[in-house]
Amino acid sequence: MDFLSNLQLGFSVAFTPFNLMMAVAGVTVGILIGALPGVGPPSGVAMLLPLTFGMDPTSGIIMLAALYAGTMYGGTITAVLINTPGESASVVTCLDGYQMALQGRAGAALGIAAIGSFIAGTVGVVLLMLVSPALAKWALSFGPPETFALMLLGLTTCTLLAGDDPLKGYISMVAGLMLAMVGFDIISGDARYGFGIIEMMDGIDFLPVAIGLFGLGEVLHGAEQAGKAQPVQGRLRLRDVLPSWADWVRSRWAIVRGTVMGFSIGVLPGAGPTVASFLAYTVEKRVSKTPEQFGKGAIEGVAGPESANNAAATGAMVPMLTLGIPGSATTAIMLGGLMMWGLRPGPMLFEKNPQFVWGLIASQYIANIMLLILSTLFIPLFVRAVRIPYSILMPLIVVFCITGAYSLKNNVWDVGQMLVFGVIGYFMKKLGYSPAALVLALVLGPLAERALRQSLIISDAGIGIFFVRPISGVLTVLALLAVAVPVVRAFLKK
Amino acid sequence: MRSADRVTAVLLLAISVAFSAGALKYYSWWGSGGPGSAFLPFWLGLVMALLALMMLFKTIKEKNPGQAWLPSGEGLRNMLVVLGATVVFVALLKVVGMILGTALYLAALIWYLGRHRWWITAAIAVAAAGFNWLVFVHWLRVPFPEGKFWLSEAGIWIF
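Top line first, the protein sequences correspond to chains A and B. Be aware that the first sequence starts at 94, since it is given in this note's numbering, and climbs by one per residue. Be aware that the second sequence starts at 251, since it is given in this note's numbering, and climbs by one per residue.
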């Protein structure tokens, strides 16, 4: 069978000692990074991306994907222990997880999150494996109009779901697209908005921008609150992490529901783990026989969202690998990495680089097992990492931001750019804009522009091409709906 | 928040108008058979101008000045110190060198923010600089700025 031989190929790639080591390193560093308050998956992936440039792309993506899974879990540790989400997908975990910690049940909360993440992650990889090849085959028939419509949909849904204020979300997104216009235009050769500066003519790289917005921006934001968050005291031993039978019975269906919902949401372009976790929490509260316990330490309130965000993180790989459309800031950065390694994400990836795709899929199985082992056996160690004072963490993170930005192209210009976007990121966070939408737009911008211009060449400048073709028609209408929803909602409010 | 939004809206409006106008003035609107390099930038500028106007309109209608969003006191001071130290580090990167700079930056900032014991501060600074050297210079062969001081080059000699 074609499928099994592919999987076999995948495992033969993933089981090489070096790739195995990369998966373990990715998960470990991921949990640590996720556990640091304020440093989430996007900044973790962005800061470590430069490390992978010297590697084989397959090893690189294996490390980054393992890192992504690790940060998803690491964010839970801070959410439970200090009521500060390590990343946005763990925001809802604070609600019940921290309450559980206050009741002395931090171990059970972390344990059920680990088990839920493991189940969700593993089921997610199975689904990823089954869905992606079919989707890739289907996407082979996509022309420029379909590609453009899909990118438009990804951008608008991501923006719609990103923050409280849709207007500011759209401003962030369009700003990202404008930044993407800087630099040489591939078709005409014009150096746009370069102002005669050679580095500007090269375009604005997404990596220093992402490191600045997510890494440095978060540090500056955190510097204000330094020392305010206090971790729940008490030691956690291995025995405490294992949930009791009653805990398991209460959360097992929550895990199943979270997994299914999380994966489905992750697959949608634009919607990622954060949305999945919020939705899972709402659903758990709805179906629960004792909804009054939510917010007071209900273990389902931890199990559901935590399973959902891991399943969604895996699901988000589907559009990234098969369509070349990232569903979140983190996958956008990974996609940028793929392009830097000289790979072309999209349907052809499955045919041209099977060892890359299947190696990644197989290593996800390994990463999930690693995650379960590390998150239960070494939990006391990671808990200690959460207690490192902010005054030590923050300068270290900045140093990582600087070296990461520098080693992209070995120049100080990028470091300066990172610094500027760090300040911009600080203000964006303060004023309620969406850095995720900006980075997504910056990565997709050049691809979207090319698809748009090719479409208009095909149609001889008629905009109807996006509506007449069935697939692009549906996608374009959906994208426009995503723009219209907040407008209509605001109108109805009056 | 309201006045910050208003200032942002005006700024964005100015930038977007310049962005669109610049596209029309300097780049080609229509190339061979298809849209040229000015096409998308022009529309993006226009959309941004529209969004900025919407925000401006919203802040004018809004009666509530909103909460203060800028930190004050110690929070503001910490933020500015971190930012300032980082700017100085980056500005002097080519003079001091990456490895030595890392150690000095960490030592200064960790001491300022936490007032930890001097040997803890020093140990972290030296360890992080060493880690940086090992991973980036030694393994990945990233040509870090070496700086004008003998220390950073001597650092490489030792290994």
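Ideal Cβ positions, reconstructed from N, Cα and C, are used throughout, including at glycine.
VAL132 (chain A) versus PHE386 (chain B): straight-line alpha-carbon distance, rounded: 21 Å
Closest residue to THR151 (chain A) among A:SER468, A:LEU537, A:LEU442 and A:SER484 (Cα-Cα distance): A:LEU442
C-alpha distance - ALA303 (chain A) paired with HIS314 (chain A), whole-angstrom precision: 15 Å
Rounded straight-line distance, which links the Cα of ALA347 (chain A) to that of MET354 (chain A): 10 Å
Distance between beta carbons of ALA242 (chain A) and GLU568 (chain A), contact taken as under 8 Å: In the sequence under discussion, the amino acid at residue 568 (chain A) is Leu, which differs from the Glu named in the question. Indeed they touch by this definition, with Cβ atoms about 4 Å apart.
Contact the stretch 206-213 of chain A vs the stretch 392-409 of chain A: 3+ CB pairs below 8 Å: yes
Collapsed DSSP secondary structure at GLY355 (chain A) in the structure displayed: helix
Assigned exposure category for ALA404 (chain B) - 16 Cβ within 10 Å defines buried: Because the pLDDT at ALA404 (chain B) is just 49, under 50, the model does not fix this residue reliably, and the value given afterwards should be weighed accordingly. Result: exposed.
Chain A contacts made by the stretch 339-353 of chain B, where a contact means CB separation under 8 Å: PHE339, VAL340, LEU343, LYS344, MET348 and THR352
Cβ of PHE269 (chain B) within 8 Å of any chain A Cβ: yes
C-beta contact flag for ALA554 (chain A) and ILE392 (chain A) at 8 Å: no
Members of the stretch 124-153 of chain A that neighbour chain B once the beta carbon cut-off is set at 9 Å: PRO143, LEU144, PHE146 and GLY147
Inter-residue CB distance, VAL218 (chain A) and THR407 (chain A) (contact presumed, cutoff 8 Å): 6 Å
Minimum Cβ-Cβ distance from ALA372 (chain B) to chain A less than 8 Å: no
PRO285 (chain B) - partner residues in DSSP beta bridges: B:TRP280
Interface flag, ALA264 (chain B) vs chain A, CB-CB below 8 Å: no
Assumed close pair LEU535 (chain A), LEU125 (chain A) - CB separation to whole angstroms, cut-off 8 Å: Contact doesn't hold; Cβ gap of about 27 Å is too wide.
Coil, strand or helix - PHE670 (chain A) by DSSP: Given that chain A is displayed from residue 94 to residue 587, the structure contains no residue 670 (chain A) and the question cannot be resolved.
For PHE394 (chain B), three-class secondary structure by DSSP: coil
Meets three-Cβ-pair contact criterion under 8 Å: the stretch 348-367 of chain B and the stretch 375-383 of chain B: yes
ASN176 (chain A) - containing alpha helix (DSSP H), residue span: Careful: ASN176 (chain A) lies outside any alpha helix (DSSP H) and carries neither H nor E.
DSSP three-state assignment for ARG480 (chain A), whether helix, strand or coil: coil
Three-state class that DSSP yields for PHE514 (chain A) in the structure shown: helix
Residue-level contact to chain B via CB, SER565 (chain A), 8 Å cutoff: no
Residues of its chain near ALA316 (chain A), where Cβ-Cβ distance is below 7 Å and the 5 sequence neighbours each way are ignored: MET487
Within chain A, partners of ALA390 (chain B) - CB distance below 9 Å: Note that residue 390 (chain B) corresponds to Leu in the displayed sequence, not to Ala. PRO143, LEU144, PHE146, GLY147 and SER500, listed in chain order.
Where PHE475 (chain A) falls: helix, strand or coil (DSSP): helix
Test item: CB-CB of ASP258 (chain A) and GLY525 (chain A) under 8 Å: yes
Three-way DSSP call (helix, strand, coil) for THR569 (chain A) in this model: helix
Bridge-paired residues (DSSP) for ARG285 (chain A): A:GLY276
C-alpha distance - GLY397 (chain A) paired with VAL380 (chain A), whole-angstrom precision: 12 Å
Nearest-angstrom Cβ-Cβ length linking PRO226 (chain A) and ALA422 (chain A), presumed shorter than 8 Å: That belief does not hold up - the Cβ atoms of PRO226 (chain A) and ALA422 (chain A) are roughly 26 Å apart, past 8 Å.
Beta-carbon neighbours of GLY509 (chain A), restricted to chain B and to distances below 7 Å: VAL340
Where the stretch 527-538 of chain A meets chain B: residues whose CB sits under 9 Å from a CB there: GLY538
Proximity of LEU160 (chain A) and THR145 (chain A) at Cβ, strictly below 8 Å: no
Nearest candidate by alpha-carbon position, reference THR164 (chain A), set A:PHE108, A:GLY269, A:PHE475 and A:TYR499: A:PHE475
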